[in-house]
Amino acid sequence: MRLSIMTFMRFVVLVLVGLVVVQAVEAADRDKLLSEPGVYGTFASFSLDADWGKQNQALRIAQLTVLKGVVEQHREKMAIDVYLLRGLSDHADLLFRVHATELRETQQFLLDLQGSLFGKHLTTAGVMHGLTKKANYVPGMPDSLKAELKIPSDPGSKPYVIVIPIRKDADWWSLSQEQRAAMMQEHTEAALPYGKTVKRKLYHATGLDDLDFITYFETSRLEDFQSLILALEKVKEFRHNRRFGHPTLLGTVKSLDEIIETLAQ
Amino acid sequence: MRLSIMTFMRFVVLVLVGLVVVQAVEAADRDKLLSEPGVYGTFASFSLDADWGKQNQALRIAQLTVLKGVVEQHREKMAIDVYLLRGLSDHADLLFRVHATELRETQQFLLDLQGSLFGKHLTTAGVMHGLTKKANYVPGMPDSLKAELKIPSDPGSKPYVIVIPIRKDADWWSLSQEQRAAMMQEHTEAALPYGKTVKRKLYHATGLDDLDFITYFETSRLEDFQSLILALEKVKEFRHNRRFGHPTLLGTVKSLDEIIETLAQ
Amino acid sequence: MRLSIMTFMRFVVLVLVGLVVVQAVEAADRDKLLSEPGVYGTFASFSLDADWGKQNQALRIAQLTVLKGVVEQHREKMAIDVYLLRGLSDHADLLFRVHATELRETQQFLLDLQGSLFGKHLTTAGVMHGLTKKANYVPGMPDSLKAELKIPSDPGSKPYVIVIPIRKDADWWSLSQEQRAAMMQEHTEAALPYGKTVKRKLYHATGLDDLDFITYFETSRLEDFQSLILALEKVKEFRHNRRFGHPTLLGTVKSLDEIIETLAQ
Amino acid sequence: MRLSIMTFMRFVVLVLVGLVVVQAVEAADRDKLLSEPGVYGTFASFSLDADWGKQNQALRIAQLTVLKGVVEQHREKMAIDVYLLRGLSDHADLLFRVHATELRETQQFLLDLQGSLFGKHLTTAGVMHGLTKKANYVPGMPDSLKAELKIPSDPGSKPYVIVIPIRKDADWWSLSQEQRAAMMQEHTEAALPYGKTVKRKLYHATGLDDLDFITYFETSRLEDFQSLILALEKVKEFRHNRRFGHPTLLGTVKSLDEIIETLAQ
Amino acid sequence: MRLSIMTFMRFVVLVLVGLVVVQAVEAADRDKLLSEPGVYGTFASFSLDADWGKQNQALRIAQLTVLKGVVEQHREKMAIDVYLLRGLSDHADLLFRVHATELRETQQFLLDLQGSLFGKHLTTAGVMHGLTKKANYVPGMPDSLKAELKIPSDPGSKPYVIVIPIRKDADWWSLSQEQRAAMMQEHTEAALPYGKTVKRKLYHATGLDDLDFITYFETSRLEDFQSLILALEKVKEFRHNRRFGHPTLLGTVKSLDEIIETLAQ
């Protein structure tokens, strides 16, 4: 019985929210933004204020349709992903990952989001930016290793997301390029066995915030992800992390409609 | 006189709250979840907001019945323990320990909890996750020591709970497996005399949050627990803790009905 | 003129508050709790919320009578001291020091306090616990020193209270018992000249919170207290404090009636 | 359609706000303030409170006209720049950079700003002060390097602003003047390739706040800015930064009218 | 025109506030309190709450007359100075410096202040205490240096105030008295050139809060003050500061009437 009501409610929410977006949107070239170098990735996390949950459902649905409108409109120009942190992370409730070629455009999206009826219930928990770069293979790295690195992770849904911000220590940057490359090769080899079940993406953050790197992970097997991090903690390069996490963001990958449905309940 | 009124009130609360849960629930296999490896343990602590205590008792009881409903429903799939931190810890008022085979299910429970009428009065104080693993006995550990470790703690109620999050330093992870094992044997031997009166459980947290371990203790003798921690602080392994506590959570073990009764007063 | 009005007000407050407590209470054996080992000392500090001062005086007096009732009732089982921090410490407004043989009883007192009409205006600033232990004289400590240590501080009112939480570093605990004892003898000798004007009490906190010790001082001569701390900072043992203060709590010793009178103004 | 409405709105806002400032203002000699030594630069960042966005637009426009009035009035005496941080920095929403010959005048501006109808919605996020000084060329620095340093950055709009506060360690200050100069020459040479696309300005903060330097950057090419910071992290001088960022402020350069227009939406 | 209104307003405020204090007060011997050893100096900083500015001016003036009354009354017993931090420091809006022979009296003043109608709008930002001591000249310090130290700073108004809290490291206290004295002589000589334009006063804080010293500066030339701090950062003693500032308080010296006038606007 309880389930039938929930199913009906889900239907109502999706219909109401679906009605709003009538114009056809031409999506940004999401694949390019997510794979090419020279793209800015922004991780903006938000908490819902105490008033959010105290509103009646009709009001919440009205505000969520605004959220959908804002996201859809900006998706014409950039790639926007949403994640549910609530329940798994004490840092924030929602996480947006935005890929754009100019941070000004990302700023305009976040301004529109925060200025919207829905955004008035959001409190900014954190904003981090990084730039994607071409993989900088270590000179002398065996071709077999390079080939293995290019094998994509197994297809299929990867419901968990983990974002770990990293700050290197001053010693790291004073090492020679060769010393850093040697350590990175050790790091890469330690990570290799987990490439199939844990998808990774790296962002270079130096100067854009108080970080040097943002590491992004998706997996359906958190146990493998934990083994990967344990393996990375044992290589020399790890000793040059002044900050690793703090916060570690853990959440679940959701479509915008799933987020809206969850928040409408 | 005062006591009789309290006894009556207790009766009223329990009857009211008891009425709500009419359907029979089939509990998750709690024993398995609490003893097997590969289970995720989540420690979610919450503070009650300032409005909670300002509501009249009827309203509070209505909201507590919702709490009971949410917990009972999810107990079909996972093991949920509740603890009262208020008065003993300045970090939070309530602690939930959830054991589940998938963190997605734990997230759904916490979403339902926070989205409920009762949950609107909760502010998240902290969320920590760890994974249970098979005891990794040190190679060459004497069989007598292994046998002693398997003796369960004395039966009987253990009213106090302590949760201590731990983060190891980078040096720890760069030690060889043998070096870490030798230190852990010294650690284990130091802890042994307290096994009868202090129950322990270990969770591996690396990567899931900003910790490496979560250690959970139950005892009826806080003096013994203090002696245990003092003994552990004297072994070499302790020098590799970058974080030990911060916060240390101290509270009392309660049934859901006892928590409800306390909060209804 | 102003003074006469204040005197009258004081009279009114005391009469009103005094009326409430009609039943005779049999106090816990306060002397035993304050002098024996194996007793738990809890330091709970609270801030008054912004609404407190905005209420009219009649309402405040009504709430303060509740405070008096809650404290008197629990004094049957435990020793409860109150201190005024406001104006001297930015950490909190009020400090309760509770001595009990079981922390569960302390928790019940603090639950009743926070659940009372007065308690709804309290925000918890900090809770620290420690256990009293038998003085652990250094082996080989001269009998003359032991004798001097047993001389109680000068009688007479000591209006100032200072509470300093301490956390030792990992090196401290890895020293041998003899090394620690030698350092403690040096510490003790440095403190000796101030024994007459500065009363001290030590609580062992390891494991119960993020501290190793809580040191409690009472004095009428803050200059002597400052000289005592300066003397202690110069001995070797001081170098093993990872945390000393943070916060240092400074306030004045008050009777419950004095606190009530101050807050009623 | 949406764009036409926004264009109209923009027009309305600018007309309304424009009407207010009727008196002709004689601007402070902005060029001198921005180029000469002995000028105090203040960086004051603010967050908008939750009520700001909940007001209707008419009210917001009325308050923004007050903002315009306050800034224009003080621009008679000092140089005031505004930046939009919201969306790019989690530290604050707005940043004011004020150049004045006396900090008392800057204080008066900020008092008037915070005391205004608009200012009641501002929460101070941070205030930092620095003093501009004559470039202190390293003795023996080649004239060619000095000449290159004097080449101004490429003209044209530089939409991005980055402000990085810096605190040196105690070792830095205990080095001899020659040692510091040698390290600064290495720093200067590393920065040189980025002089065309990244504009820099340095403020000496020691004693005026908890910093030693405030570094200000403008660029249209964030990638170049990131390369500049990476180059600076690799020179020896970087090892003497006890604090670098925390917070790093990232935003966009805006005219006062553009800020008003954005906030009026 | 604007100025005439402000002048009139200023007149109104001063008349209204002036009327309140009819009784003649006999001021505490301010000169003695500010120059003698054995006096407690308290630095209490406060922020004004968001409601303060939202009240109409009549209400604010009424509350400011209460502030004047409370300060005047306590000035019979102690020396009370007020400073405006708002706009120059992000730590707080107002700073009170109180000199008294007993901290109990300072506490009573701050209790009366916070309990007053004006005080209900104050949030405590920080409270620090220190004790004045006789200058402890280094044995063997040349008489010429001692003489120079006794020359008072140039007369004339010094509008800027800076307060820097200091905590020494454990190494400092474990040095011999001679070693510390030698370092202090170097410190004193470095400071000497700035004695004419920067007035200094030292408070010993050990044990009264989490500091060892509070250093207080007044100047009309912030550039000289900055040079003084740079000179002090270069002597060996500076390496023994575990904390220097955090917060550094920067503000302007104001009479009580000037503060009232500013807050009444």
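Chains as they are written, first to last, in the working numbering: chain G, 1 to 265; chain W, 266 to 530; chain V, 531 to 795; chain H, 796 to 1060; chain L, 1061 to 1325.
Cβ coordinates follow ideal geometry from the N, Cα and C atoms, glycine included.
Note that the structure is a prediction, hence the values are computed from the model and not measured.
Check	Outcome
Taking only beta-carbon atoms, is residue 266 (chain W) less than 9 Å away from chain G?	At residue 266 (chain W) the pLDDT is 39, less than 50, meaning the model places this residue with poor confidence; the figure from the coordinates comes in the next sentence. By this cut-off, residue 266 (chain W) is not an interface position.
So residue 396 (chain W) packs on residue 223 (chain G), CB below 8 Å; how close in whole Å?	7 Å
Who are the Cβ neighbours of residue 881 (chain H) in its own chain at under 7 Å, not counting the five residues just before and after it?	888
Could you give the residue range of the alpha helix (DSSP H) that holds residue 908 (chain H)?	898 to 910
For chain G, is any of its Cβ atoms less than 9 Å away from the one on residue 389 (chain W)?	yes
Which residues in the same chain have their Cβ closer than 6 Å to the Cβ of residue 578 (chain V), if we skip the five residues on either side of it in sequence?	623, 651
Just list the residues that DSSP pairs residue 989 (chain H) with in beta bridges.	According to DSSP, which records beta bridges pairwise, residue 989 (chain H) is partnered with nothing at all.
Can you list, in chain order, the residues of its chain with a C-beta nearer than 7 Å to that of residue 1084 (chain L)? Leave out the 5 residues immediately preceding and following it.	Note on residue 1084 (chain L): pLDDT 42, under 50, position unreliable in the model; the coordinate value appears next. So no residue of the chain qualifies.
Hey, how far is the Cα of residue 1008 (chain H) from the Cα of residue 1300 (chain L)?	21 Å
Quick one: Cα of residue 521 (chain W) to Cα of residue 528 (chain W), how far?	11 Å
Please name the residues in the region 475 to 504 of chain W whose beta-carbon is closer than 8 Å to at least one beta-carbon of chain V, in chain order.	487, 488, 490, 491, 493, 494, 495, 498, 499, 501, 503, 504
Chain V partners of residue 1175 (chain L), CB-CB under 7 Å?	583, 795
What first and last residue would you give for the beta strand (DSSP E) that runs through residue 130 (chain G)?	122 to 131
Measure the C-alpha to C-alpha separation of residue 107 (chain G) and residue 1227 (chain L) and round it to an integer number of angstroms.	42 Å
For the region 1252 to 1264 of chain L, list every residue whose C-beta sits within 8 Å of some C-beta in chain V, in sequence order.	1264
Along the region 158 to 177 of chain G, where does the CB come closer than 7 Å to a CB of chain H? Name the residues.	170, 173, 174
Check for me: the beta strand (DSSP E) holding residue 1324 (chain L) runs from which residue to which?	Here residue 1324 (chain L) belongs to no beta strand (DSSP E); instead the alpha helix (DSSP H) covers 1316 to 1324.
Compare the C-beta of residue 289 (chain W) with all C-beta atoms of chain G and state if any pair is closer than 9 Å.	Because the pLDDT at residue 289 (chain W) is just 42, under 50, the model does not fix this residue reliably, and the value given afterwards should be weighed accordingly. So, not an interface residue.
When the Cα of residue 1046 (chain H) is compared with those of H:1000, H:957, H:983, H:1040, which residue comes out closest?	H:957
With H, G and I counted as helix, E and B as strand and the rest as coil, what does DSSP make of residue 1128 (chain L)?	helix
At which residues does the beta strand (DSSP E) containing residue 361 (chain W) begin and terminate?	359 to 365
Cβ of residue 895 (chain H) within 9 Å of Cβ of residue 825 (chain H)?	no
When DSSP labels each residue in this structure, what does residue 710 (chain V) get in the three-state scheme?	helix
Helix, strand or coil: how does DSSP classify residue 871 (chain H) here?	coil
Comparing alpha-carbon positions, which option in V:613, V:729, V:641 lies nearest residue 791 (chain V)?	V:613
Can you tell me whether residue 1212 (chain L) is buried or exposed, with buried defined as 16 or more other CB within 10 angstroms of its CB?	exposed
Name the residue from G:146, G:68, G:60, G:203 whose alpha carbon lies nearest to the alpha carbon of residue 36 (chain G).	G:203
Would you mind telling me which residues of chain W sit closer than 7 Å to residue 88 (chain G), beta carbon to beta carbon, in chain order?	368, 372, 392
Exposed or buried, what is residue 429 (chain W) when buried is set at 16 or more other beta-carbons lying within 10 Å of its beta-carbon?	buried
Apart from the five residues just before and just after residue 921 (chain H), which ones in its own chain have a Cβ nearer than 8 Å to its Cβ?	838, 839, 840, 886, 887, 1042
Check the Cβ of residue 1310 (chain L) against every Cβ in chain H and list those closer than 8 Å, keeping chain order.	898, 924, 1003, 1004
Give a yes or no on whether the minimum CB-CB distance between residue 375 (chain W) and chain G is below 9 Å.	yes
Tell me the residue span of the beta strand (DSSP E) that contains residue 1278 (chain L).	1273 to 1279
Classify residue 1005 (chain H): buried if its beta carbon has 16 or more other beta carbons within 10 angstroms, exposed otherwise.	buried
State the beta-bridge partners of residue 1104 (chain L) as determined by DSSP.	L:1156, L:1187
Counting only C-beta atoms, is residue 665 (chain V) closer than 9 Å to chain W at any point?	no
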